[in-house]
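Q:
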Amino acid sequence: MSFFPGNDPVPGDAFACDAIEHLIIPRSSDIGGFAVRRALPSSRRRLVGPFIFFDRMGPAVLKAGEAMDVRPHPHIGLSTVTYLFDGEIKHRDSLGTELVIAPGDINLMTSGRGIVHSERTPENLRGHPLSMSGLQTWIALPDQLEEIDPAFAHTAKGELPVFEDRGASGRVVIGAMGGLRSPVKTFSETLYVDLTLEPGARFPFDATQEERALYILSGEIEIAGDRFAPDQLLVFRPGDEITLIGGATGCHVMLFGGAALGTQKHIWWNFVSSSKERIEQAKEEWRTGRFDIVPGDEEEFVPLPEGR
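Residues in the sequence shown are numbered consecutively from 17, following this note's numbering.
As structure tokens, then:
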């Protein structure tokens with residue numbers, strides 16, 4: 017699920033909270049029987065910290081006989097981050113990796129100079145109804161690391177630090193918050209936190225990160241008297257202390273951000289680079305079959321989009 021064709025998100029309605037720089041309403045596409053909402057990149061905001069791509073997958077139920085089959089496709093210049101709330105995905109890549117990611121685990125695949133992977137419903141789950149819900153994000157690599165060797169890292173749910181205090185609970189997926197640090201390694205300062213708030217529970221989202229945002233997965237959240245509904249992306253102004261408050265039914269949100277990369281990044285299809293020429297090279301390499309193959313998934317591939 018590292019790439020879905022979809023329209024750019026659009027800015028949302030006006031809001032009163034001065035701490036909010038942008039409110040973005042994702043555009044939704046139907047992909048293989050379930051909705052995918054793209055929040056980044058948008059015309060208003062290209063990156064938040066190193067995050068250059070943010071897709072909300074589902075929630076949905078794949079019917080018996082349906083399956084998720086994302087055929088082998090390439091990446092350069094980024095790390096893909098897969099994080100599920102429900103369902104399972106079988107990951108294969110051109111390094112020879114083959115494993116199933118379950119809810120709460122995290123897959124971080126660093127493409128560097130180039131990698132190919134596929135994501136499919138595991139064989140043992142086909143033929144049965146399957147709930148699917150999760151996030152697919154991309155973290156752009158710093159310019160000097162764009163051509164590093166590709167790598168893959170899987171971190172199990174039990175290895176990620178959790179917190180619970182006064183109606184606020186969650187998991188530090190990447191980075192550090194509240195004295196807790198995730199073991200997941202990234203190449204720039206990155207924050208990714210899964211947070212649930214009970215009704216009326218308060219949670220300080222401090223300004224230690226240079227760039228910050230949150231995506232509302234479910235429920236309603238209140239910030240400085242404004243209330244926000246599910247499937248909205250809020251980007252905060254730098255330096256402001258913010259208190260998040262759970263709405264009448266509570267809320268489930270994803271906090272993310274980190275240090276600004278400080279340089280321009282270009283994104284085309286599955287390729288991210290500081291150089292347009294490097295993206296053109298990657299196009300030609302995929303078109304002419306010069307990327308590595310995915311062992312065990314050699315029969316199919318996603319062709320290079322034409323006319324883009």
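All residues carry an ideal CB built from backbone N, CA and C; glycine is no exception.
Could you give the residue range of the beta strand (DSSP E) that holds residue 182?
A: Taking the sequence shown and counting its residues from 1, one reaches residue 182 at position 166. That residue, residue 182, is in no beta strand (DSSP E); it is neither H nor E in DSSP.
Q: Cα separation between residue 129 and residue 287?
A: Here residue 129 refers to the residue found at position 113 when the sequence shown is read from its first residue. Here residue 287 refers to the residue found at position 271 when the sequence shown is read from its first residue. Computed Cα separation, rounded: 10 Å.
Q: What's the C-alpha gap between residue 69 and residue 98?
A: In the sequence shown, the residue the question calls residue 69 occupies position 53. In the sequence shown, the residue the question calls residue 98 occupies position 82. Whole-angstrom Cα-Cα distance: 12 Å.
Q: Please classify residue 121 as buried or exposed, where buried requires at least 16 neighbouring CB atoms within 10 angstroms.
A: On the sequence shown, position 105 is the one that residue 121 refers to. Buried.
Q: Quick check on residue 306: buried or exposed, where buried means 16 or more other Cβ atoms within 10 Å of its Cβ?
A: In the sequence shown, the residue the question calls residue 306 occupies position 290. Residue 306 is exposed by the Cβ-count criterion.
Q: Taking just the CA atoms, how far does residue 35 sit from residue 262?
A: Along the sequence shown, one-based indexing puts residue 262 at 246. Along the sequence shown, one-based indexing puts residue 35 at 19. Their backbone Cα atoms lie some 17 Å apart in a straight line.
Q: Is it the case that the Cβ atoms of residue 133 and residue 80 are separated by a distance below 7 Å?
A: As a first step, residue 133 is located in the sequence shown; it is residue number 117 there, counting from the start. As a first step, residue 80 is located in the sequence shown; it is residue number 64 there, counting from the start. Contact: no.
Q: Exposed or buried, what is residue 18 when buried is set at 16 or more other beta-carbons lying within 10 Å of its beta-carbon?
A: The residue labelled residue 18 in the question sits at position 2 within the sequence shown. Caution is warranted here: a pLDDT of 49 is assigned to residue 18, below 50, making its placement in the model unreliable, and the coordinate value is therefore given only provisionally. That one is buried.
Q: For residue 317, I'd like the list of residues in its chain whose CB is within less than 6 Å of its CB, leaving aside the five on either flank, ordered along the chain.
A: As a position in the sequence shown, residue 317 is number 301, starting the count at 1. Result list for residue 317: 87, 88, in chain order.
Q: Kindly identify the DSSP beta-bridge partner or partners of residue 106.
A: Looking up residue 106 in the sequence shown gives position 90. 116, 136.
Q: Within this structure, are the beta carbons of residue 149 and residue 75 separated by less than 7 Å?
A: Within the sequence shown, the letter at position 133 stands for residue 149. Within the sequence shown, the letter at position 59 stands for residue 75. Yes, the Cβ-Cβ distance between residue 149 and residue 75 is below 7 Å.
Q: Per DSSP, what kind of secondary structure is residue 152 in: helix, strand or coil?
A: The residue you call residue 152 lines up with position 136 of the sequence shown. DSSP places residue 152 in strand when its eight states are reduced to three.
Q: Between residue 167 and residue 94, is the Cβ-Cβ spacing less than 7 Å?
A: Sequence index remark: in the sequence shown, residue 167 carries index 151 (1-based). Sequence index remark: in the sequence shown, residue 94 carries index 78 (1-based). Not a contact, by the Cβ cut-off of 7 Å.
Q: How far does the beta strand (DSSP E) with residue 87 in it extend, from its first residue to its last?
A: In the sequence shown, residue 87 corresponds to position 71, counting from 1. Looking at the DSSP string, the run of the beta strand (DSSP E) that includes residue 87 is 85-91.
Q: Taking the C-alpha atoms as reference points, what is the distance between residue 225 and residue 269?
A: Taking the first residue of the sequence shown as position 1, residue 225 is located at position 209. Taking the first residue of the sequence shown as position 1, residue 269 is located at position 253. When rounded, the distance between both Cα atoms is 17 Å.
Q: Could you compute how far the alpha carbon of residue 178 sits from the alpha carbon of residue 216?
A: Here residue 178 refers to the residue found at position 162 of the sequence shown. Here residue 216 refers to the residue found at position 200 of the sequence shown. When rounded, the distance between both Cα atoms is 20 Å.
Q: If you check the beta carbons only, do residue 313 and residue 182 fall under 7 Å apart?
A: Translated into positions along the sequence shown, residue 313 becomes position 297. Translated into positions along the sequence shown, residue 182 becomes position 166. Their beta carbons are not under 7 Å apart, which means residue 313 does not touch residue 182 by this criterion.
Q: Applying the 10 Å Cβ sphere with the 16-neighbour rule, what's the burial state of residue 172?
A: One-based indexing of the sequence shown puts residue 172 at position 156. It counts as exposed.
Q: Would the C-beta of residue 183 count as close to the ligand MG, meaning under 6 Å from any of its heavy atoms?
A: Ligands in the displayed structure: none, and consequently the ligand MG is not present.
Q: Between the alpha carbons of residue 43 and residue 51, how many angstroms are there, rounded?
A: What you label residue 43 is simply residue 27 of the sequence shown in a count that begins at 1. What you label residue 51 is simply residue 35 of the sequence shown in a count that begins at 1. Looking at the two C-alpha atoms, the distance is approximately 10 Å.
Q: Comparing the C-beta of residue 295 with each C-beta of chain B, is any distance below 7 Å?
A: Here there is only one protein chain, and chain B is not present.
Q: For residue 203, which residues of its own chain have a beta-carbon under 7 Å away from its beta-carbon, when the five flanking residues on both sides are left out?
A: Within the sequence shown, the letter at position 187 stands for residue 203. Cβ neighbours of residue 203 beyond the five flanking positions: 157, 158, 161.
Q: Using alpha carbons as the reference points, say which of 164, 266, 253, 125 lies closest to residue 243.
A: Within the sequence shown, numbered from 1, the residue matching residue 243 stands at position 227. The residue with the shortest Cα to Cα distance from residue 243 is 266.
Q: Using a Cβ-Cβ cut-off of 7 Å (strictly less than) and excluding sequence neighbours within five positions of residue 233, which residues of its own chain qualify?
A: Looking up residue 233 in the sequence shown gives position 217. Closer than 7 Å at Cβ, skipping near neighbours: 246, 268, 269, 270.
Q: Taking the continuous alpha helix (DSSP H) assigned at residue 300, which residues delimit it?
A: Here residue 300 refers to the residue found at position 284 when the sequence shown is read from its first residue. Where residue 300 is concerned, the enclosing alpha helix (DSSP H) stretches over 292-303.
Q: Within 10 Å of its beta-carbon, does residue 304 have 16 or more other beta-carbons around it, so buried, or fewer, so exposed?
A: Taking the first residue of the sequence shown as position 1, residue 304 is located at position 288. It is exposed - the Cβ of residue 304 has fewer than 16 other Cβ atoms within 10 Å.
Q: Out of 40, 38, 67, which one is the CA nearest neighbour of residue 283?
A: The residue given as residue 283 occupies position 267 in the sequence shown. The residue with the shortest Cα to Cα distance from residue 283 is 67.
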